[in-house]
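First the structure, in the form of structure tokens, and then the observations on it.
2 protein chains.
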Amino acid sequence: MSIAVDAMGGDHAPEQIVLGALEAAPLLKSKLYLVGQPEEIRKFAPNLPANVEIVAASQAVGMEEKPLDAYRKKKDSSLMVAARLVKEGKAQAMVSAGNTGAASATSLLVWRQISGVHRPAIASPMPNKHGGFVLLDSGASPDVDPEHLVEFAIMGRAYAQQVMGRKNPKVHLLNIGEEEGKGNAFAKQAFKLLSKHEWFAGNIEGKDMFKEPCDVVVCEAFVGNVVLKTAEGVAELMASIIKEEVPTNKLIRAFYWPVKKVMKPIREKTDYAAVGGSPLLGLNGICIISHGRSNARAIKNAILMAEATVENRLVNTIREAVDRDLGHLIHSESDHASGVVESVTEVP
Amino acid sequence: MSIAVDAMGGDHAPEQIVLGALEAAPLLKSKLYLVGQPEEIRKFAPNLPANVEIVAASQAVGMEEKPLDAYRKKKDSSLMVAARLVKEGKAQAMVSAGNTGAASATSLLVWRQISGVHRPAIASPMPNKHGGFVLLDSGASPDVDPEHLVEFAIMGRAYAQQVMGRKNPKVHLLNIGEEEGKGNAFAKQAFKLLSKHEWFAGNIEGKDMFKEPCDVVVCEAFVGNVVLKTAEGVAELMASIIKEEVPTNKLIRAFYWPVKKVMKPIREKTDYAAVGGSPLLGLNGICIISHGRSNARAIKNAILMAEATVENRLVNTIREAVDRDLGHLIHSESDHASGVVESVTEVP
Chain D
1 MSIAVDAMGG DHAPEQIVLG ALEAAPLLKS KLYLVGQPEE IRKFAPNLPA
51 NVEIVAASQA VGMEEKPLDA YRKKKDSSLM VAARLVKEGK AQAMVSAGNT
101 GAASATSLLV WRQISGVHRP AIASPMPNKH GGFVLLDSGA SPDVDPEHLV
151 EFAIMGRAYA QQVMGRKNPK VHLLNIGEEE GKGNAFAKQA FKLLSKHEWF
201 AGNIEGKDMF KEPCDVVVCE AFVGNVVLKT AEGVAELMAS IIKEEVPTNK
251 LIRAFYWPVK KVMKPIREKT DYAAVGGSPL LGLNGICIIS HGRSNARAIK
301 NAILMAEATV ENRLVNTIRE AVDRDLGHLI HSESDHASGV VESVTEVP
Chain B
1001 MSIAVDAMGG DHAPEQIVLG ALEAAPLLKS KLYLVGQPEE IRKFAPNLPA
1051 NVEIVAASQA VGMEEKPLDA YRKKKDSSLM VAARLVKEGK AQAMVSAGNT
1101 GAASATSLLV WRQISGVHRP AIASPMPNKH GGFVLLDSGA SPDVDPEHLV
1151 EFAIMGRAYA QQVMGRKNPK VHLLNIGEEE GKGNAFAKQA FKLLSKHEWF
1201 AGNIEGKDMF KEPCDVVVCE AFVGNVVLKT AEGVAELMAS IIKEEVPTNK
1251 LIRAFYWPVK KVMKPIREKT DYAAVGGSPL LGLNGICIIS HGRSNARAIK
1301 NAILMAEATV ENRLVNTIRE AVDRDLGHLI HSESDHASGV VESVTEVP
């Protein structure tokens, strides 16, 4: 079992990526490949643990580079070399905190979709009062059809079951009303298609998914990405208002220790570094997409998440679930990646 | 100047509606019409202030009733009678905490759109670090075209200017990336159309609108409604986690007064009752849509908001702005409501 880490991707690469890998290494059953410019990586890891190996890649993809350009022009980028390690079976998953669009496009084009899956989706773990849920698609595939939400649902269920440990996970459709018949044309059609599956639990509203028990919530990429960022924005706004209310005077401030105390679980639940990243699902390989501003702790947790997806056979579970739930719809689609390339390149 | 209040709409109607009206009455320059079943209203207002008058309506619209059914079948509902008071010029705005879909559909069908406006939009005031912004459409018109976002922008600007007191308000497009060319096909087209106006300030992400100064943020109804409810859900989740961290033991609890203190501005900024409601814009009349669970305080504030829209000539300002910014596009459209009726009936 091996994990490839894109050591050159992210706002704080390679330093925080390398340090995160070193933190993860002793906790892993897997081997780690640190992919990037060896001299840069060695600056932060003069002594490598036994299960960490550097794999050379001469190029790096910039955070603002166009995804398709990165794929076409940088054949020796750390991202591309990491993806190829997975493609060749030398690694089973990869982690990147670099350009999200480039990581999604490269993963798609190098690995291709699981048979029966048309569009990959980013599955984001979200907090709530009941151990959290996974939201997908949170940004991989804009402009999908309602049919694709069924694929996302199947992929999300596999993740909830294999990685979150949920038994027979249920799927909700994110909608603007609870009852059947609510929402826009897209949501109504998605509801109809999802209703054919026994694991479908109906509509859920944006407010209720943070309050009620749920496992998997599906929506299209634009909505999912807006949810993710709105949640982040509101949490930050609240934290900053609270912070402003605490007096700056050191003596008075001492009485405010309970504020620090009550905010601790919030910080833990909303800290992206505690989660590490969001897996890109639906491809013949797993890429954990980490936040651009990932620190070592986030990378460590992303690597642990990557190992969990491999150990729990996530790709195979998705394959089997797609086959079981959509088998009758799968024709001989050996290569249907080309149609989605343009849209993947537009990923935020 | 008169405001019509739907006394029978809302989870706590008529009691909280009537009490809210009585709280608002001494603060108003306007006359108030309390519309509903007189004997029910009088239970909570045995003595009416001089500027409050009861207008009889024999029917009430239920919270789960289909909007178009309510409009077609209940011609003497409190909602319908209130809307007619505005139509006939006896009132200039109305307030309803009842069925949102029915309030939107009834307003649209009784008042019709301002010339040049195709779809009404609900404008929701949202908090941020810089005095807040207004988000629209937050749920009135599902399945709009990108063109309609330009109308929403013009309506939102009029609100920001006339009611929020912003000078030369800017409009942002809610998107999943900042740069031009980001987002789905809808957002890209909307960006292109909005770019023709000097008040357009580009894309904004869900996270940044809570952090950076902004006046008006436009998006389509599904996304806007999800933003609204996600924000509500996250704020409630955080508040409930904090609450759980405060010990129940009364003695220890006493040391936790700073928590209560720092949470006060949060409660104020996120309390729907402090805002009162969201105006439905684009029609020949203003309807303030209040939360179904509105208490007297929310109704009081909704009535004050209604008066502010009338006093500051909001409908006329929208008329003038549409004429100025879209005048070249307006043909002789005297009656274009019929095409949108079906979609308005689907409002959540």
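Chains as they are written, first to last, in the working numbering: chain D, 1 to 348; chain B, 1001 to 1348.
For every residue, glycine included, the Cβ atom is placed at its ideal position computed from N, Cα and C.
Note that the structure is a prediction, hence the values are computed from the model and not measured.
- Per DSSP, D:Asp6 lies in no alpha helix (DSSP H); the unbroken beta strand (DSSP E) holding it starts and ends at Ser2 to Asp6.
- Counting along the chain, D:Lys261 sits inside the alpha helix (DSSP H) bounded by residues Trp257 to Thr270.
- Ranked by Cα distance from B:Gly1009, the first of B:Val1095, B:Lys1073, B:Asn1203 and B:Ala1056 is B:Val1095.
- Residue pairing for B:Glu1039: DSSP places it in no beta bridge.
- Residues of chain D with a Cβ closer than 9 Å to the Cβ of B:Tyr1159 do not exist, since the nearest Cβ in that chain sits about 21 Å away.
- Along the segment 251 to 276 of chain D, going in chain order, the ones with a CB nearer than 9 Å to a CB of chain B are Phe255, Tyr256, Trp257, Pro258, Val259, Lys261, Val262, Met263, Lys264, Pro265, Ile266, Lys269 and Thr270.
- By the neighbour-count definition (other C-beta atoms within 10 Å, threshold 16), B:Lys1074 is a buried residue.
- For B:His1148, the uninterrupted alpha helix (DSSP H) segment begins and ends at Pro1146 to Gln1162.
- For B:Leu1028, no alpha helix (DSSP H) encloses it, and the DSSP letter there is neither H nor E.
- Chain order gives the chain D residues near B:Asn1128 as Gly233 and Leu237, where near means a beta carbon separation below 9 Å.
- When the beta-carbon positions are compared, B:Gly1156 and B:Ala1187 stay at least 9 Å from each other.
- With respect to chain D, the C-beta atom of B:Asp1143 has a partner C-beta closer than 9 Å.
- Ranking D:Ala273, D:Ile303 and D:Ala306 by CA distance to the CA of D:His291 puts D:Ala273 first.
- Below the 8 Å Cβ cutoff, chain B contributes no neighbours of D:Phe152, its closest Cβ being approximately 16 Å away.
- The segment 110 to 130 of chain D and the segment 1234 to 1244 of chain B touch, with no fewer than 3 CB-CB distances between them shorter than 8 Å.
- Rounded to the nearest angstrom, the gap between the Cα atoms of D:Ala308 and D:Glu15 is 24 Å.
- Taking B:Phe1133 as reference, the option from B:Ser1002, B:Val1144 and B:Ala1153 with the minimal CA-CA separation is B:Ala1153.
- For D:His291, DSSP records no beta bridge to any residue.
- Taking C-alpha positions only, B:Ile1289 is separated from B:Arg1042 by approximately 24 Å.
- Look at the beta carbons and you see the segment 1138 to 1154 of chain B touching the segment 1214 to 1230 of chain B: at least three pairs across the two are nearer than 8 Å.
- Just so you know, the alpha carbons of D:Val171 and D:Ala102 end up roughly 29 Å apart.
- An exposed status is given to D:Asn47, since fewer than 16 other beta-carbon atoms sit within 10 Å of its beta-carbon.
- Remark: C-beta atoms of B:Val1163 and B:Leu1314 approach each other more closely than 9 Å.
- For the segment 1278 to 1305 of chain B, there are no residues whose beta carbon sits under 7 Å from a beta carbon of chain D.
- For D:Val226, the closest Cβ of chain B is nearer than 9 Å.
- The bridge partners DSSP lists for D:Met94 are D:Ala4 and D:Cys287.
- Among the CB atoms of chain B, one or more fall inside 9 Å of the CB of D:Asn184.
- D:Val217 does not reach chain B, its nearest Cβ partner there being about 11 Å away, counting only Cβ pairs nearer than 8 Å.
- Burial check for D:Arg72: the Cβ neighbour count within 10 Å stays below 16, so the residue is exposed.
- Beta-bridge partners assigned by DSSP to D:Asn203: D:Leu173.
- The beta carbon of B:Ala1093 sits closer than 8 Å to those of Ile1003, Ala1004, Val1086, Gly1285, Ile1286, Cys1287, Ile1288, Ala1306, Glu1307, Thr1309 and Val1310, all from its chain and outside the five residues before and after it, given in chain order.
- Distances from the CA of D:Ser294 to each of D:Met1, D:Ala7, D:His12 and D:Asp6 were compared; the closest alpha carbon is that of D:His12.
- Neighbours of B:Ala1123 in chain D, taken as residues whose beta carbon is under 8 Å from its own, are absent, since the nearest beta carbon is some 16 Å off.
- The residue among D:Glu180, D:Ser77 and D:Glu151 with its C-alpha nearest the C-alpha of D:Ser115 is D:Glu151.
- From the listed residues B:Ala1160, B:Phe1044, B:Ser1104 and B:Leu1281, the smallest Cα separation to B:Glu1065 is found for B:Ser1104.
- Between D:Ala201 and D:Tyr159, the gap from beta carbon to beta carbon reaches 9 Å or more.
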